[in-house]
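A short write-up of the structure that comes next.
There are 2 protein chains.
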Amino acid sequence: MKSHISVITLGVADLKKSTDFYENLGFPVERSQDITFIKVSKNMRMALYGLDDMVKESGVSTNTGDFSGITLAHNVISKEQVDSVIEEARLKDVEIIDEPQERHWGGYSGYFKDIDGYLWEVAYNPFSPEIAVDEDEL
Amino acid sequence: MKSHISVITLGVADLKKSTDFYENLGFPVERSQDITFIKVSKNMRMALYGLDDMVKESGVSTNTGDFSGITLAHNVISKEQVDSVIEEARLKDVEIIDEPQERHWGGYSGYFKDIDGYLWEVAYNPFSPEIAVDEDEL
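So the protein lines, in turn, are chains A and B. Start counting the first sequence at 563; every next residue gets the next number (my numbering). Start counting the second sequence at 563; every next residue gets the next number (my numbering).
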């Protein structure tokens, strides 16, 4: 797994209010119906997304209070690379909490947790090639 | 405030175990006594740092359960720029939770919270100029 974060997503209570907050700070917000993207580096974005939707998608439990509210996304260039990164993590005894699958937003992803409970999404997003890494590139 | 994340810090229970976890995944870890840095982009690092130390430094309360365990750092090129970014945030009614001050690690920083409670550190770190932005640059 290459060392790159493509998106850091903050789970928010009210998307409009949180987007307004960052816009007011001077950040270039790109609003859409259910997610806001903010460019924070050439090949990295911050996203604001409803906390409820994040929980629903990843299947992570918030009952135990161990979900930070944040996910780190590692984007790759194909569905096959999502599968192989998740398999590589599984072979290393990493806890896979949601198997790779098609997502309602048009991409394909799986989730794992680090040992402190922080959530990583390994994703193929056909709409954002500029923030993906090619795992097969030498 | 320019739109850039310099460091995303994950508060961890056991620095060695968490560092081993990411090294095992294939990430290039740079260990030092009380912090681990991982390069995740040309001008961005992920850091692993003791959760207790993070809480102590920022003064954030974990009693209410509202600290995610993660801080987002926005690094600038001088102490004066730390002060001016924090002042700019304060004028915009952002909650400053720790005023700019010298830090034991040799830098200077202040902290604010976004409206969902996520913590931002505005920092001058003389040891990491490569991940800082110049707020005065046009």
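Virtual Cβ for every residue (Gly too), placed ideally from N, Cα, C.
*Where residue 543(B) falls: helix, strand or coil (DSSP)*: Within the shown structure, residues of chain B are numbered from 563 to 700, placing residue 543(B) beyond reach of any answer.
*Count the other C-beta atoms from every protein chain shown that fall within 10 angstroms of the C-beta of residue 594(A), then say buried if there are 16 or more, exposed otherwise.*
exposed
*What number of angstroms, rounded off, separates the C-alpha of residue 683(B) from the C-alpha of residue 695(A)?*
28 Å
*Which value, in whole angstroms, describes the spacing of the CA atoms of residue 544(B) and residue 685(B)?*
The first residue shown for chain B is 563 and the last is 700, placing residue 544(B) beyond what the model contains.
*Whose C-alpha, out of 672(B), 642(B) and 573(B), is nearest the C-alpha of residue 616(B)?*
573(B)
_Classify residue 643(B): buried if its beta carbon has 16 or more other beta carbons within 10 angstroms, exposed otherwise._
buried
*asked:* What residue range does the beta strand (DSSP E) around residue 570(A) cover?
replied: 569-574
*Could you check which residue in 584(B), 629(B) and 630(B) has the C-alpha nearest to that of residue 609(B)?*
584(B)
*Looking only at C-alpha atoms, which of 613(B), 620(B), 652(B) and 605(B) sits nearest to residue 565(B)?*
605(B)
*Consult DSSP for residue 595(A) and reduce its assignment to one of helix, strand or coil.*
coil
*May I ask you to report which of helix, strand or coil DSSP gives residue 635(A)?*
strand
*Starting from residue 674(A), follow its DSSP beta bridges and name the residues at the other end.*
658(A) and 682(A)
*Of the residues 571(A), 697(A) and 597(A), the one placed nearest residue 630(A), counting alpha carbons only*: 571(A)
_Pairwise C-alpha distance: residue 693(B) and residue 603(A)_ = 11 Å
*Have a look at 568(B), 634(B), 674(B) and 667(B) and flag the residue whose alpha-carbon is nearest the alpha-carbon of residue 650(B).*
674(B)
*Whether residue 646(B) touches residue 633(B) by CB criterion (8 Å)*: no
*Could you give the residue range of the alpha helix (DSSP H) that holds residue 648(A)?*
641-653
_Listed by chain order, chain B residues near residue 566(A) by CB distance under 7 Å_ = 602 and 603
_Quick check on DSSP: helix, strand or coil for residue 617(A)?_
helix
*asked:* residue 668(A) and residue 688(A) - do their beta-carbons sit closer together than 8 Å?
replied: yes
*From 663(B), 679(B) and 660(B), pick the residue whose C-alpha is nearest to that of residue 576(A); which is it?*
679(B)
*Taking the alpha carbon of residue 580(A) as the point to measure from, which residue in 637(A), 613(A) and 697(A) has its own alpha carbon closest?*
613(A)
*Give me the Cβ distance between residue 664(A) and residue 672(A), rounded to the nearest whole Å; I'm assuming they're in contact under 8 Å.*
The Cβ separation is near 11 Å, so there is no contact.
*Roughly how many angstroms lie between the CA atoms of residue 658(A) and residue 652(A), to the nearest whole one?*
7 Å
_Give me the residue from 578(B), 638(B), 563(B) and 587(B) with the minimum Cα distance to residue 655(A)._
587(B)
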